[in-house]
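Presented below is the structure to which this report refers.
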Amino acid sequence: MALTNQYMQEKLQEKFGDLVSNFEESYGLLSFEATAANNLKVLQFLYDEPSLQFQFLTDLCGVNFPDDAGREISVVYHLHNLTENIRLRFKIFVPVAAPDVFTSCNLFSSANWMERETYDFYGVNFVGHPNLKRILNVDEMDYFPLRKEYPLEDQTRIDKDDEMFGRG
Amino acid sequence: MEEDNHKILKDMLAHQQHHITLPEGSIEKQTTTLNVGPTHPATHGVFQNIMELDGERIVSTEQTVGYIHRAFEKLAERRPLYQITPITDRLNYCSSPINNMGWHLTCEKFLGVQTPKRVDYLRVIIMELARISDHLICNSIVGVDTGAYTGFLYVMQYRELIYEIYEEVCGSRLTTNIGRIGGFERNFTNTAFEKLEKFLKEYPKVLKEFENLFARNRIFMERTIGGGAISAERALNYGFTGPNLRAAGVDYDVRVHQPYSSYQDFDFTIPVGKTGDNYDRFLVRNQEMWQSLSIIEQAYKKVQAFKGADAEIFHADVPEYYLPKKEDVYTKMESLIWHFKIVMGEVEMPKGEIYNAVEGGNGELGFYLVSDGGRTPFRLHFRRPCFIYYQAYPELITGGMLSDAIVTMSSLNLIAGELDA
Amino acid sequence: MSRPVRFNTTPILATTADAVGAIEAPPGFTGDGFFTAQLSTVVGLARKNSIWPLPFATSCCGIEFMATMGSHYDLSRFGSERVGFSPRQCDLLMVMGTIAKKMGPVLRQVYLQMAEPRWVIAIGACASSGGIFDTYSVLQGIDQVIPVDVYVPGCPPRPEAILDGFMKIQDLVGEESIRRRHSEQYKTLLNSYGIQ
Numbered sequence: 070m071a072l073t074n075q076y077m078q079e080k081l082q083e084k085f086g087d088l089v090s091n092f093e094e095s096y097g098l099l100s101f102e103a104t105a106a107n108n109l110k111v112l113q114f115l116y117d118e119p120s121l122q123f124q125f126l127t128d129l130c131g132v133n134f135p136d137d138a139g140r141e142i143s144v145v146y147h148l149h150n151l152t153e154n155i156r157l158r159f160k161i162f163v164p165v166a167a168p169d170v171f172t173s174c175n176l177f178s179s180a181n182w183m184e185r186e187t188y189d190f191y192g193v194n195f196v197g198h199p200n201l202k203r204i205l206n207v208d209e210m211d212y213f214p215l216r217k218e219y220p221l222e223d224q225t226r227i228d229k230d231d232e233m234f235g236r237g
Numbered sequence: 003m004e005e006d007n008h009k010i011l012k013d014m015l016a017h018q019q020h021h022i023t024l025p026e027g028s029i030e031k032q033t034t035t036l037n038v039g040p041t042h043p044a045t046h047g048v049f050q051n052i053m054e055l056d057g058e059r060i061v062s063t064e065q066t067v068g069y070i071h072r073a074f075e076k077l078a079e080r081r082p083l084y085q086i087t088p089i090t091d092r093l094n095y096c097s098s099p100i101n102n103m104g105w106h107l108t109c110e111k112f113l114g115v116q117t118p119k120r121v122d123y124l125r126v127i128i129m130e131l132a133r134i135s136d137h138l139i140c141n142s143i144v145g146v147d148t149g150a151y152t153g154f155l156y157v158m159q160y161r162e163l164i165y166e167i168y169e170e171v172c173g174s175r176l177t178t179n180i181g182r183i184g185g186f187e188r189n190f191t192n193t194a195f196e197k198l199e200k201f202l203k204e205y206p207k208v209l210k211e212f213e214n215l216f217a218r219n220r221i222f223m224e225r226t227i228g229g230g231a232i233s234a235e236r237a238l239n240y241g242f243t244g245p246n247l248r249a250a251g252v253d254y255d256v257r258v259h260q261p262y263s264s265y266q267d268f269d270f271t272i273p274v275g276k277t278g279d280n281y282d283r284f285l286v287r288n289q290e291m292w293q294s295l296s297i298i299e300q301a302y303k304k305v306q307a308f309k310g311a312d313a314e315i316f317h318a319d320v321p322e323y324y325l326p327k328k329e330d331v332y333t334k335m336e337s338l339i340w341h342f343k344i345v346m347g348e349v350e351m352p353k354g355e356i357y358n359a360v361e362g363g364n365g366e367l368g369f370y371l372v373s374d375g376g377r378t379p380f381r382l383h384f385r386r387p388c389f390i391y392y393q394a395y396p397e398l399i400t401g402g403m404l405s406d407a408i409v410t411m412s413s414l415n416l417i418a419g420e421l422d423a
Numbered sequence: 297m298s299r300p301v302r303f304n305t306t307p308i309l310a311t312t313a314d315a316v317g318a319i320e321a322p323p324g325f326t327g328d329g330f331f332t333a334q335l336s337t338v339v340g341l342a343r344k345n346s347i348w349p350l351p352f353a354t355s356c357c358g359i360e361f362m363a364t365m366g367s368h369y370d371l372s373r374f375g376s377e378r379v380g381f382s383p384r385q386c387d388l389l390m391v392m393g394t395i396a397k398k399m400g401p402v403l404r405q406v407y408l409q410m411a412e413p414r415w416v417i418a419i420g421a422c423a424s425s426g427g428i429f430d431t432y433s434v435l436q437g438i439d440q441v442i443p444v445d446v447y448v449p450g451c452p453p454r455p456e457a458i459l460d461g462f463m464k465i466q467d468l469v470g471e472e473s474i475r476r477r478h479s480e481q482y483k484t485l486l487n488s489y490g491i492q
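Chains as they are written, first to last, in our numbering: chain P, 70 to 237; chain B, 3 to 423; chain C, 297 to 492.
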């Protein structure tokens with residue numbers, strides 16, 4: 070029996086009940102949300118369950134929603150079941166004041182650097198990560214650049230005049 | 003007399019030993035620290051590996067990346083859709099048309115644009131040419147790293163021919179910014195097709211010669227077999243995709259599993275290796291070049307089958323996203339308005355999010371686009387295959403020798419622009 | 297609607313008849329078995345035709361450099377057959393590609409390790425001024441950290457443009473006075489970068 074979005078939604082709701090919510094299907098891809106404290110349980114279930122077997126982590130990234138109080142930073146996992154050829158998107162939301170998320174490095178080795186990148190860009194603290202340091206930016210940087218409150222350009226540069234570039 | 007000499011010698015040695023100062027802890031530390039720094043021979047890009055060596059064997063390595071971090075994702079939040087295409091060029095710059103078309107395909111899926119078949123086939127030609135040029139550089143650089151510089155020079159000449167084909171279609175050589183949402187900016191001219199025919203005629207001989215130089219070459223085989231091997235389970239856990247994963251034995255190819263741009267109409271095989279070592283990767287890429295040549299020939303025949311008015315179609319009919327012809331802009335009101343809106347970037351995107359992937363030169367290149375209905379993306383994340391599989395590098399080289407580590411790095415085809423974004 | 301190709305429809309094949317040119321000897325006195333000229337001219341002539349570049353290639357411009365080194369656009373006919381990767385052995389630092397702030401100290405270190413006389417060419421828009429990446433992490437031009445002699449614009453510049461920049465470096469090398477590196481002006485230039 071081929072795996073369908075319907076079946077996946079039913080299995081998840083049956084196992085986790087209220088902890089998973091917001092099931093949406095956009096462009097053929099099922100997407101759902103879980104509470105931040107349970108992300109590892111959900112990932113482990115999706116990995117181990119014989120009918121689901123989502124054993125390939127395609128992508129892990131962060132998104133910043135500054136207007137959503139208490140849910141400012143989202144961590145999005147894209148999973149893929151290679152044998153059934155079906156994808157899944159799984160999101161968790163954390164407040165910017167305490168952005169703690171359990172690390173999935175023990176389950177997927179590819180999550181290691183992707184979590185470091187999410188930390189580097191958004192400041193998400195992955196609890197239990199073996200080496201949570203900045204990866205792409207300079208180590209001395211003291212802010213998290215991809216958050217919406219920070220500008221794109223380096224504010225200390227003197228040779229380029231923002232007025233002339235239409236963003237003064 | 004001899005006793006005197008002996009005593010003098012002993013005194014000298016004792017004297018010397020008192021004055022040798024070794025760095026702190028180095029007598030206990032049995033390994034040498036070697037910085038294979040960000041500036042090592044120009045062919046690979048800027049990666050730093052601080053290796054601990056026991057003689058020639060690597061005990062451990064610490065990686066640093068980010069030496070060319072250009073903040074693409076933050077840049078993309080500022081730019082409307084067409085202005086993001088030049089950024090995607092600079093991801094895997096050896097095969098930039100694939101990145102451009104991957105982005106345009108994502109936009110088309112998001113906006114609900116259907117492209118006509120001729121556009122799909124032309125896109126396939128360009129994407130497979132880009133794949134050939136990417137694998138061509140990778141394989142010849144593996145040759146250079148084992149000492150065989152000639153293979154690189156032979157084959158770079160054919161990259162020039164591919165560049166000429168790009169120039170006919172879009173005007174630039176390397177960072178192509180090719181195509182539009184819905185198709186191409188202009189129809190392929192006869193010169194472009196002539197150059198394509200010349201390529202299809204001459205390149206197979208060159209590829210055969212290149213293959214003969216390396217594939218059964220004893221020195222090359224001894225240098226590459228066994229180095230940098232990885233098993234299929236570890237590769238999947240590390241998120242490998244593309245030729246590196248196929249060399250480890252898993253036949254996952256986005257073109258086959260989630261066909262885009264009419265790839266389902268083509269007949270090609272996916273080469274798969276066994277051990278995932280450097281030699282397997284070389285052979286997989288080599289075979290992929292043959293498969294790409296076959297796909298281009300099939301696509302070319304299909305394109306030639308369009309006759310008359312059909313042969314003039316090179317874009318979808320989507321005036322909201324495709325720049326209208328200049329004659330129409332100057333004479334018709336709607337075209338003027340569309341032109342203004344597209345150039346000023348005032349085209350509305352629907353709200354929502356999408357993840358779309360294409361098979362890039364290195365694997366699954368994914369685009370995760372989140373839009374809140376404005377003129378620029380709210381968040382655009384690139385799923386970059388190089389970034390993800392470079393994490394496995396320490397596991398691949400530990401226990402091996404330094405020269406094998408260099409060959410492994412080049413056979414993984416790490417492109418710095420894609421890795422750091 | 298496609299326009300028909302108007303240019304280069306009958307390409308002219310290259311011939312070698314005009315390929316060999318003669319250049320003028322530098323000004324000086326000739327005699328039976330000897331030739332005198334100004335020392336700086338002779339030294340300049342020797343140096344400019346045997347520059348050993350260090351390709352500091354970081355990104356896309358590096359691939360265009362590889363095309364320049366290839367047989368089609370051949371950089372080695374200008375005397376640069378041997379590209380070196382050790383700054384101690386090279387004359388010309390060719391910086392190609394975006395230099396991020398993380399890479400800035402590395403670039404400076406490589407420049408400091410080069411011995412005088414040394415020249416720097418910034419190839420590409422990113423090396424010259426930051427290019428299209430006006431972001432928090434990109435150095436807006438390498439002349440923020442090291443003095444540059446020639447800038448080659450382009451994104452990426454065509455190999456012909458890189459060769460043109462290289463020929464301008466050759467002009468600079470050929471015309472350079474012997475005392476330039478000890479002059480006050482040069483010292484103030486280096487001091488402004490904090491280089492002794």
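Glycine residues also receive a C-beta, built at the ideal position from the N, C-alpha and C atoms.
Since this is a predicted model, take the numbers as computed values, not measurements.
Under the three-state reduction of DSSP, which class applies to residue i: helix, strand or coil?
| i | result |
| --- | --- |
| Trp340(B) | helix |
| Ala44(B) | Summary for Ala44(B): the model assigns pLDDT 47, below 50, so the residue's position carries little reliability; its value from the coordinates is reported in the next sentence. DSSP places Ala44(B) in coil when its eight states are reduced to three. |
| Phe496(C) | Any property of residue 496(C) remains undetermined from this structure, which presents chain C solely from 297 to 492. |
| Leu350(C) | strand |
| Leu388(C) | strand |
| Tyr95(B) | helix |
| Phe74(B) | helix |
| Met77(P) | helix |
| Leu459(C) | helix |
Assuming residue i and residue j make a contact with CB atoms under 8 Å, what is their CB distance in whole Å?
| i | j | result |
| --- | --- | --- |
| Val170(P) | Arg158(P) | Actually they are not in contact, since the Cβ atoms of Val170(P) and Arg158(P) sit about 16 Å apart, beyond 8 Å. |
| Cys356(C) | Ile419(C) | At roughly 11 Å, the Cβ-Cβ gap does not stay under 8 Å, so Cys356(C) and Ile419(C) are not in contact. |
| Ser376(C) | Ile347(C) | 6 Å |
So residue i is in the beta strand (DSSP E); what residue range does that whole segment cover?
| i | result |
| --- | --- |
| Asn194(P) | Asn194 to Val196 |
| Asp91(B) | First-last for Asp91(B): Leu83 to Asp91, but that is the alpha helix (DSSP H), not the beta strand (DSSP E). |
| Leu72(P) | Careful: Leu72(P) lies outside any beta strand (DSSP E) and carries neither H nor E. |
| Val38(B) | Thr34 to Val38 |
| Asp374(B) | Gly365 to Asp374 |
| Asp422(B) | Careful: Asp422(B) lies outside any beta strand (DSSP E), inside the alpha helix (DSSP H) at Ala418 to Asp422. |
| Gln455(B) | It is not possible to answer for residue 455(B), since the shown part of chain B is limited to 3 through 423. |
Could you pull the start and end residues of the alpha helix (DSSP H) that residue i belongs to?
| i | result |
| --- | --- |
| Glu299(B) | Asn280 to Gln306 |
| Ser413(B) | Leu404 to Ser413 |
| Ile359(C) | Cys356 to Met365 |
| Arg259(B) | The sequence given here places His at residue 259(B); Arg does not occur at that position. Start and end: Val256 to His259. |
| Thr333(B) | Lys328 to Thr333 |
| Arg161(B) | Tyr151 to Cys172 |
| Thr326(C) | No alpha helix (DSSP H) contains Thr326(C), which is instead part of the beta strand (DSSP E) from Gly324 to Gly327. |
| Val339(C) | Leu335 to Lys344 |
Counting only Cβ-Cβ distances shorter than 7 Å, please list the residues of the region 411-436 of chain C near chain P, keeping chain order. Asp430, Thr431, Tyr432, Ser433 and Gln436
Return the residues of the region 46-74 of chain B that lie within a Cβ-Cβ distance of less than 8 Å from chain C, sorted by chain order. Gly47, Val48, Gly68, Tyr69, Ile70, His71, Arg72 and Ala73
Contact list for the region 216-230 of chain P against chain C, Cβ threshold 7 Å: Leu221, Glu222, Asp223, Arg226, Asp228 and Lys229
Which runs of the alpha helix (DSSP H) fall wholly inside the region 144-191 of chain P and span at least 4 residues, in chain order? 180-191
Complete alpha helix (DSSP H) runs within the region 105-149 of chain B (minimum length 4 residues, chain order): 119-147
Chain C contacts from the region 200-212 of chain P (Cβ-Cβ distance under 9 Å): Leu205, Asn206, Val207, Asp208 and Met210
Short-range partners of chain P found in the region 383-397 of chain B, where Cβ spacing is below 7 Å: His383, Arg385, Phe389, Ile390 and Gln393
Short-range partners of chain B found in the region 143-173 of chain P, where Cβ spacing is below 8 Å: Val145, His147, Leu151, Asn154, Arg156 and Arg158
Just list the alpha helix (DSSP H) runs in the region 188-243 of chain B, keeping only unbroken ones of 4 residues or longer that don't cross its boundaries, in chain order. 192-216, 220-226 and 234-239
Considering only residues of the region 464-492 of chain C, which uninterrupted alpha helix (DSSP H) runs meet the minimum length of 4 residues and lie entirely inside it, listed in chain order? 480-488
Residues of the region 83-99 of chain P whose Cβ lies closer than 7 Å to any Cβ of chain B, in chain order: Ser95, Tyr96 and Leu98
For a minimum of 4 consecutive residues, which ranges assigned as the alpha helix (DSSP H) are wholly contained in the region 87-138 of chain P? 108-117
Contact residues within the region 327-358 of chain C, judged by C-beta distance below 8 Å to chain B: Pro351, Phe352, Ala353, Thr354, Ser355, Cys356 and Gly358
Check distances from the C-beta atoms of the region 361-382 of chain C to those of chain B and list, in chain order, the residues that come in under 9 Å. Phe361, Met362, Ala363, Met365, Gly366, Ser367, His368, Tyr369, Val379 and Phe381
Output, in sequence order along the chain, the residues in the region 95-127 of chain P whose CB is closer than 8 Å to any CB in chain B. Ser95, Tyr96, Leu98, Ser100, Gln124, Phe125, Leu126 and Thr127
By the 9 Å beta-carbon criterion, what residues does the region 343-367 of chain B contribute toward chain P? Gly354, Glu355, Ile356, Tyr357, Asn358, Ala359 and Glu366
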